[in-house]
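Going down the list, the sequences are from chains R, U and W. Residue numbering for the first sequence follows my numbering, beginning at 3 and increasing consecutively. Residue numbering for the second sequence follows my numbering, beginning at 38 and increasing consecutively. Residue numbering for the third sequence follows my numbering, beginning at 24 and increasing consecutively. Yeah, the Cβ is synthetic: ideal placement off N, Cα and C, and Gly gets one too. Quantities reported herein were computed from a predicted structural model and do not represent experimental measurements.
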Amino acid sequence: MSILETRETTLETDPDQASRPRRDRHIFTGLRSLGTRLLSAVGVIWAAATFTFLIQSLLPGDRATLLLNQLNGQIQERTAAELAPINEKYGFTDPLIVQYFRFLGDLATGNLGTSYQLHKPVIEVIGDQIAPTIVLTFTSLLIAWAICIVVIVGTAKRNRFFSSVASGLEALAAGLPQYWLGVILLVVFALNLGLFPVVGGTGIGGLLLPALTLGIPLAGFLGQVIRTEFESGMDQPFALTARMRGMGDTGVRLRHVLRHSVLPGITLSGWALGSLFSAAVIAESIFTRPGLGKVLVTAVNSRDLPVVCGIVILVAVIYVVANLLVDVAYTLIDPRLKTS
Amino acid sequence: MTVLVEKPVSAPAASANRTLLAVHALNVSFAVGTGRHQKINHVVKNVSLELSAGRCLAIVGESGSGKSVTARTLVGLPGRNAIIEATRLEVANRNALTLSERLWRQVRGKDIGFILQDALVSLDPLRPVGKEIEEALRLHGWGNAASRRRKAIELLDSVGVPQPEMRSRQRPDELSGGLRQRALIASAIALDPALVIADEPTTALDVTVQAQVLDLLAAMKARGTGIILISHDLSVVSRLADDVAVMRGGAIVEQGPVREVLGNPQHEYTRALLDAVPSAHTKGTPLTKEGRSGIIATSDRARRVRAANAGPVLEARGLGKSYDGPDGVRRKVVHDVSFNLAAGETLGIVGESGSGKSTTAKLAPDTGEVLLDGQPWSSLSTSQRRPRRRRVTVVYQDPLSSFDPRWNAERILVDALDHRDFSTAQTRSNRVAELAGQVGLQVEHLEKHPLQLSGGQRQRLAIARALAPEPEVIVLDEAVSALDVSVQAQVLDLLTNLQAQLGLSYLFISHDLGVIHHMSDRVLVMKDGKAVEQGTADQIFNEPAHPYTQELLASLPRLEITENTTRSINA
Amino acid sequence: MSTTTFTPGKPEVTARTFTASLLGGVPVAAVISTVVLAFFVIAALAPRLLTGADPLAIDLGAALQAPSSDHWFGTDQSGRDLYTRVVYGTRESLLIGLGATGLAIGIAAVLGVTAGLGGRFADGLINRGLEVLFAFPVLLLAMLFVTIYGPSVTTQIVAVGLGTAPGYARMIRGQVLAVRNSGYVEAAHGLGHSRWQVLRQHVFPNAMRPLIAVVTLGVGQSIVWASGLAFLGLGVAPPSPEWGALLDAGRMFITKAWWLEVMPGLAIVALALAATSLGRHLQTKLEGSQP
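In structure tokens form, the structure reads like this:
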């Protein structure tokens, strides 16, 4: 069957032998890079936690006084006798370094302190309300991806008019403040058209508008990056080669170019997840949807620092986990990274 | 005049005389801009071609000659906004002028295979090469998944890829240049198309690998496949093609059998193109007509320089250099390289990609030392070396990135002058004008930004900048590699003249053996970071001692024309 | 032949901008953006030129009127003309935007340049630091600041400035590194220029060039962030007609008077979009003149 008698000469066979040991080295470096990634992930969480610790302990004013005033809703000087049990309970008189290690120890066991306002462990306060916020965050992310993939595959490098209109809309969407978009959606779809409940529950009906509120601006952001990549992908030689073997336009878009173009969008999503999670506050507040948003706004207004700090640490954890997932997704889509 | 008969191609090429391609008076133009600003660019003008089975037609030309657009038009993919006109355009026995996109898709890959330049980017970099070959089969409804998988491995085997099963699971970046180019060819010929179009199929490859790929294409031709070869390289063309069409500015200037066209060129442009190719026998003679008329005898100054310096200007002793790879492993890329460069002499350093030739030319080793005029150079600290730096200047392969984008040509040259020697604006502008004159740049070029200059003009500007400090040594790192052959010829002539005039010493780095032979007094051959052989150009090219040098020279395609030729072949 | 690399670049640049293709190459978006921005600058410097009314004049008889020819943006619960309030609120909103962006760019420039030029150790340290800062979304960081220092204009500026600084810092660092490793810097060293001369002549001007566009983009975004904070009731106290405060005040009436939210929001969106599109335009122009 061998039509063509030319063979790779000795010059060409040497990478072949070299490739086996190289493979083992790849696995080794792969493990090592996984190790460094996990380490740096823990580092980020540690740094974020330390930051919140310092903010809480180095705050101007006496911490016990602050706490006591919070408890009673008063603002006044406190006597030593009043402060003593508080200091005793929270160990505020211990040296800072002792408090710091206690804080880290608590953190490792999932103890984020006690809310000044609600007298409940912060972890419980968060745990009670986290589920709807997580649902909202991920729905928004999915909506954003769905919108921008459909729009880009449909319009990029096709008709010049449609593709410029679409990219103009992307720029518009990316610049829209979530609160404004949310208000408009609420006024149009809930108040005027009555298609959705004004006060959103946790059901599907109450989810769509808040998710669009967060998803549309994100779709604009993602779309801008992905479009640029998609357009340059369509001009790459491999896209031309695919056409040359008889593939149609849609095939080239879906089977070759799309995979290349989503990569920067994936990176952006990792970063966006933390941001989405905190922006959920806005959507929840517009649509009076249960979730962490209400907890956070109340905590900020009542200066309930442990709760705010607890949420900051939680978002840092989400950010870090999201970025580890991004790394995994990235290597699945672009296997070249594993080996280089 | 022509009657078009639809003859579907079903059986593989049987008769040798079967016509695969008939193009008559093809015009391709592009509409640029919209509305009032719209402009029509005529890219291909009145081109007629013909090809029958088992033959190879080469289309040669420099960049912008329209050769690639012609090739792409033959598969119905000339690009956006293209306007195609022809009295006849018959490809694989179909009237290409009336084919719908749907029908074209049945033709592409099945009746016509297309091979692009660099398999690293021409195959999907994220997918295993086997998948790409299977895709070509799947698109035309060939077999089922399992049989396609088997066929892909068979195809890889047939184009000479060892261990095809393992290779089929690897991505282009995991394969060597030669293997991935073979995989690309396998994907193009998966359905055994009668016609294969190869657009610069060997351009990105090292000479030894290039020779293997050309053999592969020749074997396909021998089996009855018709090949259209698009190339800028006349020696590649002479090795594979039966007929050749020379294109310039969108039109064919000369066309006919290779022997006649290259052996006895009728058109002035073909002759100029042939003369421009540097090689053994062009040594010591200019490559361009302008060069011949403006030949400069060795000047007094140059003679003085040579006489005054008995010893070497530049001396390298046991250079070594290592780099940390991305995986943290330290790799030695240059091992123990030594050479001397005498005043007014050119030392050529030749080697394939990754041989360490450019690293050597940086003259910044970890071990060993470089002496300039017998004084230490590489061992000096950055600040100690600074006052002497102007005695060795560099011209890079990509001049554009070596210019600050904010500056125009004049500002770039002024910056290169020593402001102690040229303290007034007047002396500076005189010197800039002198430099521009030396390299053949016009006054109006000086006001332009590098982006607005052509490739040749940019390289002239880079040479002027290198001349500005009046150096003794100029390092030319692949300085002509990115240029078209006729522009390359002009720049090489310029360099030769400047050397004769100013007594410069050149350290000339190139992968192109012809250029090296043409330019060098002495040659250093590098492989895998080591100097394998060193000697005068004649010694190296006529009596190579090292097996690697012999192999390099053997794989070099030459202009193999015997009839009526003024050129002799150096075997 | 002399323009082979130049000509293909041109149509690509124009094809990418939304507007150019709509009106045959005229950058309409840039013109409109400039007009919009000019309007806001006038509103900030001399609001009287744009409205004759008093932003604080209460007219309870005209409370909560929908937009009309008398009250373009409608009126609020105290009958104050919303258009006038938006015009008078421009100065403070713009100051917040400029202040936050200025602070962010200042911090970012110091960090980015130090990382880009400071060698391996400084680069590694700053990079790690930025990585940590990226884990704090702007809005959340701002809320943390408000918790500690209470709501005020200064808190808004500092919080938004600190929150957006890491992004700019990373960009500047990348830019400095790219220029530092560029061919022309290598060539300048090759000509024997001193390190300082190369930094001054090539690295700083080329690395800082894209910043003009980025600052324009950033002002709009900063205002969006700051007003988002205000929307949640964590901004400046309500009597001030600052845009965020208007949004906050209007939330109570959302079911009755949509314009109280939509109109101030429209001002923010208009400003942000105008700034973004002008920034983009500058970016393409700058890129167009660079290889």
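For GLY302(W), count neighbouring Cβ atoms within 10 angstroms of its own Cβ and tell me buried if that reaches 16, exposed if not.
For the purposes of this step, residue 302(W) is identified with residue 279 of the third sequence, where counting begins at 1. A buried status is given to GLY302(W), since no fewer than 16 other beta-carbon atoms sit within 10 Å of its beta-carbon.
Margin query: Please classify GLN587(U) as buried or exposed, where buried requires at least 16 neighbouring CB atoms within 10 angstroms.
Written below: Reading the second sequence from its first residue, position 550 is the one you call residue 587(U). Exposed is the call here.
Just to confirm before moving on: does the CB-CB distance between GLY357(U) and PRO315(U) stay below 8 Å? Translated into the one-based positions of the second sequence, residue 357(U) becomes position 320. Translated into the one-based positions of the second sequence, residue 315(U) becomes position 278. In this structure, the beta-carbon distance from GLY357(U) to PRO315(U) does not fall below 8 Å.
Would you decide whether THR278(W) is buried or exposed? Buried here means 16 or more other CB atoms lie within 10 Å of its CB.
Within the third sequence, numbered from 1, the residue matching residue 278(W) stands at position 255. Result: exposed.
*Kindly indicate which three-state DSSP category ASP514(U) falls into: helix, strand or coil?*
What you label residue 514(U) is simply residue 477 of the second sequence in a count that begins at 1. For ASP514(U), the three-state secondary structure derived from DSSP is strand.
Query raised in the report: Are LYS269(U) and VAL158(U) touching if we call contact CB-CB under 8 Å?
Result: Taking the second sequence and counting its residues from 1, one reaches residue 269(U) at position 232. Taking the second sequence and counting its residues from 1, one reaches residue 158(U) at position 121. For the record, residue 269(U) in the displayed sequence is His; it is not Lys. For HIS269(U) and VAL158(U), no; Cβs fall outside 8 Å.
Practice task
Would you mind reading off the limits of the alpha helix (DSSP H) that contains THR419(U)?
Solution key: Here residue 419(U) corresponds to residue number 382 of the second sequence, with the count starting at 1. Its alpha helix (DSSP H) spans residues 419 to 426.
Cα-Cα separation between SER392(U) and HIS212(W), rounded to whole angstroms = The residue labelled residue 392(U) in the question sits at position 355 within the second sequence. The residue labelled residue 212(W) in the question sits at position 189 within the third sequence. Whole-angstrom Cα-Cα distance: 25 Å.
Look at the Cβ atom of ALA165(W), then the Cβ atom of TRP266(W), and state whether they are nearer than 8 Å. Counting from one through the third sequence, the residue named residue 165(W) turns up at place 142. Counting from one through the third sequence, the residue named residue 266(W) turns up at place 243. The answer is no: Cβ separation not under 8 Å.
Please list the terminal residues of the continuous alpha helix (DSSP H) segment that includes LEU307(R).
For the purposes of this step, residue 307(R) is identified with residue 305 of the first sequence, where counting begins at 1. DSSP places LEU307(R) inside the alpha helix (DSSP H), whose first and last residues are 307 to 335.
At a cut-off of 7 Å, is PRO594(U) close to the ligand FMN when judged by its beta-carbon and the heavy atoms of the ligand? By its list of ligands, the structure shown contains no ligand whatsoever, and the ligand FMN lies outside what it can speak to.
Do we get a CB-CB distance below 8 Å when we pair SER592(U) with the residues of chain W? As a working mapping, residue 592(U) is identified with position 555 in the second sequence. Closer than 8 Å: no.
| message | For PHE232(R) and VAL110(W), what's the separation of their Cα atoms in angstroms? | response | One-based indexing of the first sequence puts residue 232(R) at position 230. One-based indexing of the third sequence puts residue 110(W) at position 87. When the Cα atoms are used, PHE232(R) and VAL110(W) turn out to be separated by approximately 41 Å.
Could you pull the start and end residues of the beta strand (DSSP E) that SER375(U) belongs to?
Here residue 375(U) corresponds to residue number 338 of the second sequence, with the count starting at 1. Its beta strand (DSSP E) spans residues 367 to 379.
Query - Proximity of PRO162(U) and ARG261(R) at Cβ, strictly below 8 Å - result: In the second sequence, the residue the question calls residue 162(U) occupies position 125. In the first sequence, the residue the question calls residue 261(R) occupies position 259. Taking 8 Å as the Cβ cut-off, PRO162(U) and ARG261(R) do not qualify as a contacting pair.
Tell me, please, which residues DSSP counts as bridged to ALA95(U). If you number the second sequence from 1, residue 95(U) lands on position 58. Answer is LEU266(U) and VAL281(U).
Among GLY253(R), PHE223(R) and HIS258(R), which one has its Cα closest to the Cα of SER234(R)? As a working mapping, residue 234(R) is identified with position 232 in the first sequence. Cα-wise, what sits closest to SER234(R) is HIS258(R).
Name, going along the chain, the residues of the segment 206 to 240 of chain W whose beta-carbon falls closer than 9 Å to a beta-carbon of chain U.
Identification of residues in the segment 206 to 240 of chain W having a C-beta nearer than 9 Å to some C-beta of chain U yields GLY206, TYR207, VAL208, GLU209, ALA210, ALA211, HIS212, GLY213, LEU214, GLY215, HIS216, SER217, ARG218, GLN224, HIS225, PRO228, ASN229 and ARG232, given in sequence order.
Local conformation of VAL350(U) per DSSP, three classes
Here residue 350(U) refers to the residue found at position 313 of the second sequence. For VAL350(U), the secondary structure class from DSSP, reduced to helix, strand or coil, is strand.
For the segment 176 to 191 of chain U, list every residue whose C-beta sits within 7 Å of some C-beta in chain R, in sequence order.
Answer in chain order: LEU176, HIS177 and GLU191.
| task | Spell out a yes or no on whether the segment 88 to 97 of chain W and the segment 56 to 65 of chain W are touching, meaning 3 or more CB-CB pairs, one atom from each, closer than 8 Å. | result | The segment 88 to 97 of chain W makes no contact with the segment 56 to 65 of chain W; the number of CB pairs closer than 8 Å stays below 3.
query = Would you say LEU60(R) reaches chain W, if we count a Cβ-Cβ gap shorter than 8 Å as a contact?
reply = Residue mapping note: residue 60(R) aligns to position 58 of the first sequence, counting from 1. No Cβ of chain W is located within less than 8 Å of the beta carbon of LEU60(R).
*asked:* Just list the residues that DSSP pairs SER547(U) with in beta bridges.
replied: For the purposes of this step, residue 547(U) is taken as the residue at position 510 of the second sequence. Bridge partners of SER547(U): VAL387(U).
**Asked** Residues in its own chain within less than 7 Å of GLN2(R) by CB, not counting five upstream and five downstream?
**Response** Nothing can be reported for residue 2(R), as the shown portion of chain R is limited to 3 through 342.
| Beta-carbon contacts of GLU447(U) that lie in its chain and below 7 Å, excluding the five residues immediately before and after | Against the second sequence, residue 447(U) aligns to sequence position 410. Contacts found: VAL469, LEU483 and GLU484.
Item to complete: Quick one: grab the DSSP three-state call for ASN113(R).
Response: Start at 1 with the first residue of the first sequence, and residue 113(R) comes out as number 111. Of the three classes helix, strand and coil, the one that applies to ASN113(R) here is coil, per DSSP.
Pair every Cβ in the segment 85 to 102 of chain U with every Cβ in the segment 280 to 295 of chain U, then say whether three or more of these pairs are closer than 8 Å. Three or more beta-carbon pairs separated by less than 8 Å link the segment 85 to 102 of chain U to the segment 280 to 295 of chain U, which places the two stretches in contact.
Segment contact flag, the segment 135 to 146 of chain W with the segment 185 to 195 of chain W, C-beta cutoff 8 Å, min 3 pairs:
At 8 Å Cβ cutoff, the stretches touch.
Problem set entry | Per DSSP, the bridge partner or partners of MET246(R) | Along the first sequence, read from residue 1 onward, the residue named residue 246(R) stands at position 244. The partner list for MET246(R) (beta bridge, DSSP) is empty, contrary to what the question assumes.
Check your understanding: With a CB to CB cut of under 7 Å and the five nearest residues on each side skipped, what residues in its chain are close to ALA453(U)?
Key -> Locating residue 453(U) in the second sequence gives position 416, counting from the first residue. Correct list, in chain order: ARG502, ALA505 and PRO506.
query: In chain R, which residues lie less than 8 Å from GLU172(U) when you measure between Cβ atoms?
result: For this step, residue 172(U) is matched to residue 135 along the second sequence. The answer, in chain order, is ALA244, ARG247, MET249 and ARG257.
| By the 10 Å Cβ neighbour count, where 16 or more other Cβ atoms means buried, how is ASN325(R) classified, buried or exposed? | Taking the first sequence and counting its residues from 1, one reaches residue 325(R) at position 323. Buried.
Can you find a CB in chain R that lies within less than 8 Å of the CB of LEU504(U)?
-> As a position in the second sequence, residue 504(U) is number 467, starting the count at 1. So no, LEU504(U) is outside the interface.
Could you give the residue range of the beta strand (DSSP E) that holds LEU212(U)?
-> Here residue 212(U) refers to the residue found at position 175 when the second sequence is read from its first residue. Per DSSP, LEU212(U) is not a residue of any beta strand (DSSP E), being assigned neither H nor E.
- Can you grab the Cα-Cα spacing for the pair ALA591(U) / PHE163(R), in whole Å? Locating residue 591(U) in the second sequence gives position 554, where the first residue counts as 1. Locating residue 163(R) in the first sequence gives position 161, where the first residue counts as 1. Computed Cα separation, rounded: 55 Å.
### Query
Taking three-plus beta-carbon pairs below 8 Å as touching, is the segment 367 to 379 of chain U in contact with the segment 558 to 571 of chain U?
With a cut-off of 8 Å, the segment 558 to 571 of chain U and the segment 367 to 379 of chain U count as touching, because enough Cβ pairs lie within range.
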